[in-house]
Amino acid sequence: MMSHARADTSRELTPVEARIAQTFVRPEHLRAIAAAARAGSFAVSFRASGQLSLKRLANGAPAKGHDILEKTIKPGSVQEVYGADSERRLAQIERADIDGYVGHWGRDKLLGLYMGPAANERDTPMLFAALRSTPSGHRYYPVDHDDLEGSLALLKRTQGPSGTAGSFWRSLPYTGDYDTHDMINMAGHRAPVPSGSRDEHRIMRSLNVAIEAIDPIRKASSGSHRLIQHGPQHNYVAHMRTNEQGAVIDEAVARASFPLAMCDRGTWSVIETPEALSAFYRQHGVVLKEKWREKRANTFTA
1177 MMSHARADTS
1187 RELTPVEARI
1197 AQTFVRPEHL
1207 RAIAAAARAG
1217 SFAVSFRASG
1227 QLSLKRLANG
1237 APAKGHDILE
1247 KTIKPGSVQE
1257 VYGADSERRL
1267 AQIERADIDG
1277 YVGHWGRDKL
1287 LGLYMGPAAN
1297 ERDTPMLFAA
1307 LRSTPSGHRY
1317 YPVDHDDLEG
1327 SLALLKRTQG
1337 PSGTAGSFWR
1347 SLPYTGDYDT
1357 HDMINMAGHR
1367 APVPSGSRDE
1377 HRIMRSLNVA
1387 IEAIDPIRKA
1397 SSGSHRLIQH
1407 GPQHNYVAHM
1417 RTNEQGAVID
1427 EAVARASFPL
1437 AMCDRGTWSV
1447 IETPEALSAF
1457 YRQHGVVLKE
1467 KWREKRANTF
1477 TA
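For the sequence shown, the tail end lands on 1478 under my numbering, and the numbers increase by one without skipping.
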């Protein structure tokens, strides 16, 4: 499977794939995912990651898991926090080159950037000493929203393993991961994989291994750099209720969002609506348990 992913890297993207590569997954990852889905006989769909998150993934940024609930720094989240002042604040954020990272937000301002594990006491001691902790225990780099460039100076001069600063800092804060919406076993009895099942783990691992084969920084064994961090959205609520009882369920994750990018055994398409997704299930003979049909109906109308 890994060699198939490598062999696909030179293939020109189709128009549909080119559209998907703009907002859903990076083009090199798209090819790897197609190879994995073809070899493993499964279908997997993705929610839009957004151009800003894809830009930061290209910088080598770690991908947040579902334990980090705060939003990436993008026009919508800036508008939500700053309101009438959002245009000016967004321009400052873009000049400072921190859009697309996961922000730690106060009630009315940006407080900092969530930092990945490469910002640690051994490798980046000066930077590590400046980090603070969120109430949930995650480390973040504090920023002054009235002096972004000044407050970011320490982060931006942090040296990498080679002893030079340059763009190393861009690989330190968290950005978004790849959120899957559906994982479907297309061999034999066609059905969505159950939460926590062997099939779910098999598909997640095969995707991460294929991505690692063409993007070595995205190690399948890395908790922060693998891009498929958790099971599909249609399993999210079941996973939380079974494995993380008492934890807050993120409604933004639980609610379906369209369009979706679907990779069915190597062939990509864009699914625009809930009705189109239901039609995909019917046309491919995918069987849904009654409880899942009810849950999907409730999710689509939420």
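Here a beta-carbon is modelled for each residue, glycine too, at the ideal position from N, C-alpha and C.
Predicted model only: the values in this text are computed from it and were never measured.
Between M1438 and the rest of its own chain, which residues show a CB-CB distance below 6 Å, the 5 nearest in sequence each way excluded?
Excluding residues within five positions, the ones whose Cβ falls inside 6 Å are S1221, S1445 and I1447.
Do you know offhand how far M1359's Cα is from M1302's?
The straight-line gap from Cα to Cα measures roughly 43 Å.
Would you mind reading off the limits of the beta strand (DSSP E) that contains T1300?
Neither: T1300 is in no beta strand (DSSP E) and is coded neither H nor E.
Taking 7 Å as the cut-off, does the CB of E1325 come closer than this to any heavy atom belonging to the ligand FAD?
This structure simply doesn't include the ligand FAD, nor any ligand for that matter.
For G1292, does the count of other Cβ atoms within 10 angstroms reach 16, so buried, or fall short, so exposed?
So G1292 ends up on the buried side.
Between which residues of its own chain and R1346 is the CB-CB distance below 6 Å, once the five residues before and five after are set aside?
Around R1346: N1235.
Cβ of S1225 within 8 Å of Cβ of T1199?
Result yes, Cβ atoms of S1225 and T1199 sit closer than 8 Å.
Would you mind sorting G1288 into buried or exposed? The rule is 16 or more other CB atoms within 10 Å of its CB.
Classification for G1288: buried.
To the nearest angstrom, report how far apart Q1335 and E1451 are at their CA atoms.
The straight-line gap from Cα to Cα measures roughly 50 Å.
Roughly how far, in whole angstroms, is the beta-carbon of A1239 from the beta-carbon of H1401, given that I think they are within contact range, below 8 Å?
The Cβ separation is near 7 Å, so the contact holds.
Per DSSP, what kind of secondary structure is F1456 in: helix, strand or coil?
The answer is helix: DSSP assigns F1456 an H, G or I state.
With a cut-off of 8 Å on the beta carbons, I'd call A1237 and A1386 a contact; round off their distance for me.
Rounded, the Cβ-Cβ distance is 20 Å, inconsistent with contact.
With T1443 as the anchor, note down where its beta strand (DSSP E) starts and where it stops.
From DSSP, the beta strand (DSSP E) with T1443 extends over T1443 to I1447.
Where does N1384 fall in DSSP's three states?
In the structure shown, N1384 sits in a helix (DSSP, three-state: H, G or I).
Residues bridged to A1367 by DSSP?
A1367 pairs with N1361.
Check whether the region 1259-1274 touches the region 1358-1376, taking contact to mean three or more Cβ pairs, one atom from each stretch, closer than 8 Å.
The region 1259-1274 is not in contact with the region 1358-1376.
Going residue by residue through the region 1255-1310, where are the continuous beta strand (DSSP E) segments of at least 3 residues, counting only ones entirely within it?
The region 1255-1310 contains these whole beta strand (DSSP E) runs: 1279-1281 and 1286-1290.
Strictly by DSSP, which residues pair up with P1318?
Per DSSP, G1288.
Quick check on H1357: buried or exposed, where buried means 16 or more other Cβ atoms within 10 Å of its Cβ?
By the 10 Å Cβ count, H1357 comes out buried.
Can you have a look at D1284 and say buried or exposed, based on whether 16 or more other CB atoms are within 10 angstroms of its CB?
By the 10 Å Cβ count, D1284 comes out exposed.
Kindly indicate which three-state DSSP category H1415 falls into: helix, strand or coil?
Note on H1415: pLDDT 46, under 50, position unreliable in the model; the coordinate value appears next. Looking at H1415 - three-state DSSP - the assignment turns out to be helix.
Quick one: give me the first and last residue of the beta strand (DSSP E) that L1436 is part of.
Here the beta strand (DSSP E) through L1436 covers L1436 to D1440.
How far does the alpha helix (DSSP H) with R1187 in it extend, from its first residue to its last?
Counting along the chain, R1187 falls outside any alpha helix (DSSP H), and DSSP gives it neither H nor E.
Would you check if the region 1265-1285 and the region 1314-1324 touch, i.e. whether three or more CB-CB distances between them fall below 8 Å?
Counting Cβ pairs under 8 Å, three or more are found: they touch.
Going along the chain, which residues of its own chain have a beta-carbon closer than 6 Å to the beta-carbon of G1241, five neighbours each way excluded?
Contacts found: Q1405.
Quick check on the DSSP output: the alpha helix (DSSP H) that includes R1195 runs from which residue to which?
Its alpha helix (DSSP H) spans residues P1191 to T1199.
Distance check for D1355 and N1361, CA to CA, integer angstroms please.
About 18 Å.
From H1415 to P1408, what distance separates their C-alpha atoms?
With a pLDDT of 46 at H1415, under the threshold of 50, the modelled position of this residue cannot be trusted; read the value that follows with caution. Going by the C-alpha atoms only, they are around 10 Å apart.
Since S1229 is in the alpha helix (DSSP H), which residue starts that stretch and which ends it?
First-last of the alpha helix (DSSP H) with S1229: Q1227 to A1234.
Between the beta-carbon of L1206 and the beta-carbon of E1188, is there less than 8 Å?
Contact: no.
Kindly indicate which residue of R1223, H1280 and D1440 has the alpha-carbon position closest to the one of R1214.
For R1214, the nearest C-alpha among the options comes from D1440.
From the DSSP secondary-structure annotation, give me the bridge partner or partners of S1221.
S1221 pairs with D1358 and M1438.
Mapping the DSSP letters down to three states, classify P1251 as helix, strand or coil.
Reduced to three states, the DSSP call for P1251 is helix.
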